[in-house]
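Going by our numbering, 92 is the number at position 92 of the sequence shown; the sequence numbering is gapless.
This report refers to the structure that appears directly beneath it.
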Amino acid sequence: MNVMSREIHTLDAEGKAPGRLATEIARLLIGKHKSTYTPHIDDGDHVQVLNASKMVVTGKKMDQKVYYHHTEYAQGLREKKMSKVWNEDPGEVLRRAVSRMLPKNKHRNERLKRLVVTN
C-alpha cells in the first residue's frame with residue numbers, strides 16, 4: 001500500500017525575484033522533486049515562504065506589469081498594476097505567480113492551499 005508523506009519546505013524570499021522563487025515553489029507543490037511523482041496524483045509537499053516583502057522586483061515591472069481579471073459581466077475586464085497589488089500585500093504577487101505556473105486542472109486549488117506566504 002502506498003502511503004503519501006508530505007514534507008514542509010521553508011523558503012526565504014529575501015533578495016530573490018518573484019518569478020524565480022515561484023518556479024521552485026510550483027515544483028515543490030506539484031511533487032516533481034520526488035521519485036514517486038505521478039501526474040494524476042497530487043503528492044506534493046507543503047511550502048512556507050518567509051519575508052515576501054523583501055523580494056526584489058527588477059526593471060520597471062512595478063509600474064508596467066498589469067494583472068487582468070474579468071468579472072464575467074459585459075465590459076468587466078479589470079486591471080490592477082503590480083505596484084498596487086504589492087502595496088496591498090506583497091505575498092499576493094508571489095501567490096499569483098505560483099498560481100499561473102501550476103497546471104490548470106483539478107489539483108490546482110488543493111496545491112495552492114498548501115502554500116503559506118508570510119510578509
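Just so you know, even glycine gets a beta-carbon here, dropped at the ideal spot from N, CA and C.
Give me whichever residues DSSP pairs with residue 78 in a beta bridge.
69
Where does residue 12 fall in DSSP's three states?
strand
Give the DSSP bridge partners of residue 46, in chain order.
Its beta-bridge partners are 8.
Quick check: the segment 99-112 against the segment 28-36, are there 3 or more CB pairs under 8 Å?
Because the criterion of three Cβ pairs below 8 Å is met, the segment 99-112 and the segment 28-36 touch.
Secondary structure at residue 85, three-state DSSP: helix, strand or coil?
helix
By DSSP, does residue 116 sit in helix, in strand, or in coil?
strand
How long is the line joining the alpha carbons of residue 70 and residue 79, rounded to whole angstroms?
Going from the Cα of residue 70 to the Cα of residue 79 covers about 9 Å.
Give me the Cα-Cα distance between residue 56 and residue 34, rounded to the nearest whole angstrom.
29 Å
Taking the C-alpha atoms as reference points, what is the distance between residue 16 and residue 76?
34 Å
Taking only the alpha-carbon atoms, compute the straight-line gap between residue 83 and residue 93 and give it to the nearest angstrom.
10 Å
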